[in-house]
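Just so we're on the same page, the numbering used here is the position in the sequence shown counted from 1, plus 36.
Every residue, glycine too, gets a C-beta built ideally from N, C-alpha and C.
The model shown is predicted, which means the values in this text are computed figures rather than measured ones.
First the structure, in the form of structure tokens, and then the observations on it.
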Amino acid sequence: MKKLMLCICCILLLVGCAPAAPAPEADEGRLRIVATVFPAYDFARAAVGDGAEVALLLPPGVESHSYEPTPADILAVQNCDLFIYLGGESDAWVDTILTAVQPRGETLRMVDCVDLLEEEHVEGMQAERGHDREGHDHDEDEHHEEPEEDSHGLGEVTGMDEHVWTSPANAAEITLAIGERLAELDSARKEAYRENAEAYAAELTDLDQRFEAFFDAQPSRTIVFGDRFPLRYFAERYDLDYYAAFPGCGTQTEPSAATIAYLTEKVRAEQLPTVWYIEFSNHLVADCIAEATGTQTAMFHTCHNVSKAEIESGATYLSLMERNLEVLQQYFA
Ligand SMILES: [Zn+2]
């Protein structure tokens with residue numbers, strides 16, 4: 037964080053001394069939109085069509101929770117017409133930027149577009165401070181409250197789960213909200229923004245119904261992740277009974293023996309064929325549980341961020357979630 041503040045100070049100094057910046061509306065009145073994380077970028081890109089430019093700050097392949105903005109990123113935030121961010125831990129650094137520099141344009145938070153759910157610690161999940169307690173039994177505490185010191189100034193979002201985009205129904209709502217904001221900002225293209233957003237939202241709603249039909253056809257809705265679990269909204273939407281090694285945005289990678297034992301027993305008791313892990317994971321925990329239970333592992337893409345190969349091949353939130361449905365059809369039961 038010190039590095040980030042230093043960075044902001046340097047920029048403020050440079051901007052202060054520099055000759056007048058070039059006119060912001062240099063591109064024939066096209067809006068300039070900046071998004072922090074991939075889902076925000078994807079929904080904005082769908083809503084704008086070719087009516088505006090959308091930039092993604094988080095580089096492909098970077099773990100979204102460990103990202104720090106560059107000076108160029110901070111300038112991009114300051115100078116864009118619409119800055120879209122999540123409003124959670126994944127982009128907690130945004131608060132620091134927004135209090136230090138005055139953005140020229142408007143801001144939109146994804147967490148303000150949908151109903152929020154509280155972060156949940158389910159049975160067997162490693163508590164957030166598990167390392168400090170060396171695997172004592174109270175690691176298994178249910179409904180562990182987030183301590184006040186975790187607050188990063190985002191007020192109402194503290195203690196709420198930020199991974200709102202993981203439910204395709206939420207993704208549709210966020211896309212529509214972005215389309216509406218664009219229509220307000222650029223009335224000359226308002227019809228196009230609304231139509232684009234509605235078209236993408238319709239595809240997301242269709243996908244939502246396909247997930248629902250898939251899970252409706254399953255005799256059991258239990259799923260075990262030997263990994264972090266940023267899929268609270270997805271699980272809530274489709275009524276899944278989930279078990280996981282860690283909550284959504286934790287930085288821990290080594291669960292206690294008790295956590296591994298609990299998940300292993302759950303896979304055996306429910307006779308699950310698959311232990312799941314998420315993108316950019318080393319999947320060691322999932323491998324370990326799968327080996328102990330003679331099961332397989334599979335990856336569920338939570339769309340926090342995409343790899344370089346994925347973005348180059350034109351991956352979208354929709355295509356990644358469609359791929360998730362295909363993998364579920366193959367590995368879930
Ligand atoms: Zn996260």
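Short note on serine 126: C-beta closer than 6 Å to some heavy atom of ligand 1. Rounded to the nearest whole angstrom, the C-alpha separation of glycine 124 and threonine 331 is 35 Å. Scanning the stretch 72 to 118 for uninterrupted beta strand (DSSP E) segments of 3 residues or longer gives 88 to 92, listed from N- to C-terminal end.
The stretch 232 to 243 makes contact with the stretch 194 to 212, as at least three CB pairs between them are under 8 Å. Annotation for glutamine 332: no alpha helix (DSSP H) segment contains it, though the beta strand (DSSP E) segment containing it runs 332 to 336. Assignment of alpha helix (DSSP H) within the stretch 209 to 297, counting only whole runs of 4 or more residues, yields 226 to 252 and 268 to 273 in chain order.
Remark: C-beta atoms of proline 266 and histidine 199 approach each other more closely than 7 Å. Relative to the non-hydrogen atoms of ligand 1, the Cβ of proline 96 never comes closer than 6 Å to any of them.
The shortest C-alpha to C-alpha distance from lysine 226 to any of Pro291, Gln254, Gly85 and Val73 is the one to Gly85.
With a beta-carbon spacing of about 5 Å, aspartate 109 and leucine 93 fall inside the 8 Å limit used to define contacts. In the DSSP assignment, leucine 144 falls within the beta strand (DSSP E) that extends over 142 to 145. Residue state for arginine 66 is assigned as coil, using DSSP reduced to three classes. Annotation: threonine 352 is outside any alpha helix (DSSP H) and is labelled neither H nor E by DSSP. Under the three-state reduction of DSSP output, glutamate 125 falls in the helix class. Per DSSP, reduced to three states, the secondary structure at glutamate 154 is strand. Here tryptophan 201 is not bridged, per DSSP, to any residue. When the alpha-carbon of asparagine 341 is set against those of Asn360, Ala334, Tyr353 and Gly286, the nearest one is in Tyr353. Where valine 321 is concerned, the enclosing alpha helix (DSSP H) starts and stops at 320 to 329.
Here the C-alpha atom of tyrosine 121 lies approximately 7 Å from the C-alpha atom of valine 73. Short of 8 Å from the beta carbon of arginine 66, and not among the five residues preceding or following it, lie these beta carbons of its own chain, in chain order: Gly87, Ala88 and Glu89. Relative to ligand 1, proline 204 has its C-beta separated by 6 Å or more from all heavy atoms. Shown here, valine 311 sits in a strand according to DSSP, grouped into three states.
Going by C-alpha positions, tryptophan 201 is about 27 Å away from valine 303.
Comparing alpha carbon positions, the residue from Met335, Asp127 and Met196 closest to glutamate 104 is Asp127. Distances taken from the Cβ of glycine 123 to the heavy atoms of ligand 1 include none shorter than 6 Å. Inclusion of isoleucine 325 and glycine 284 in the CB contact set at 7 Å is not warranted, their separation being larger than that value.
The beta-bridge partner set that DSSP reports for methionine 196 consists of Glu154. Sorting Glu239, Thr289 and Thr310 by C-alpha distance to the C-alpha of valine 260 places Thr310 at the top. In this structure serine 256 is exposed. Its beta-carbon is surrounded by fewer than 16 other beta-carbon atoms within 10 angstroms. Arginine 230 and alanine 91 have their C-alpha atoms some 20 Å from each other.
According to DSSP, isoleucine 133 shares a beta bridge with no other residue.
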